Each structure stands twice: as structure tokens, then as C-alpha cells.
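J.:
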Amino acid sequence: MTSFVVTALVAAGLMVTPSEPLPDAGVYAPQAEVTQARGACDRAVEQALEMTGGELLSVQPARNGKPICRVTVLVVKANGRPKKIRLRIPMDF
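Take 19 as the starting number for the sequence shown in our numbering and just add one per residue.
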């Protein structure tokens, strides 16, 4: 009997939708900082793509003492299998 009640409650909970959309990460970060970091990583992305000749997967600004960009690139090897390469490039590179 309890398993039926629990199942019914879980099903009812899944059917309920929030009344407003859920906030994304941009809500919590000041827009000026997001734009500044994105602009600063543009050059790092260009450098990474020139060095590897691959396809951009992701880029994240980070700070470990000095501002850097973590760039992840997908490079297709000679045998046709892709390889994920992670680079850390300074923003002022």
C-alpha cells in the first residue's frame, strides 16, 4: 500500500511544473563581468584553434592567481578518432 502511495506522489510531483522559469547562471553573475570574460577569452579561443587545428567544444574563464581561459578543443586524429585537448591560456596572451 505504501509503495502505491509513494509512486502516486512521485508521479504527481513530476506532473507539476514551476509557475515561472528557473533562473540560469547569468542571473547570478553581473552582466558586465560575463561580457568582459567572454571578450577576453575570444583571443584565447583563436590561439587554441590555431595551435590545434581542431573544433571548439567549450571555453570557461577562470582565475588561479591570474586570469586564464580553459579552452577545450576536439581534434580528429589520423585514424579518424577524436581526441579532447584541454588548454589553459592566459587572457592577456
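Every residue gets a Cβ at the ideal spot worked out from N, C-alpha and C, and that includes glycine.
Being a predicted model, the structure only gives us computed values, none of them experimental.
Which of the three DSSP states is assigned to A96 in this structure?
T.: The sequence position of residue 96 within the sequence shown is 78, counting from 1. Correct three-state label for A96: coil.
J.: CA-CA distance, V93 and P79?
T.: Looking up residue 93 in the sequence shown gives position 75. Looking up residue 79 in the sequence shown gives position 61. Cα to Cα, V93 sits roughly 21 Å from P79.
J.: Figure out for me which residue from A96, V23, I107 and K84 has the closest Cα to the Cα of E17.
T.: Lying before the first or after the last residue shown, residue 17 is absent from the chain, which here runs from 19 to 111.
J.: May I ask you to list the residues that DSSP assigns as paired with Q78?
T.: Here residue 78 corresponds to residue number 60 of the sequence shown, with the count starting at 1. In DSSP, Q78 forms a bridge with R88.
J.: Enumerate in chain order the residues of its own chain whose CB-to-CB distance from K101 is below 8 Å, with the five nearest sequence positions on each side excluded.
T.: Counted from its first residue, the sequence shown places residue 101 at position 83. Only L92, V93, V94 and K95 meet the Cβ criterion.
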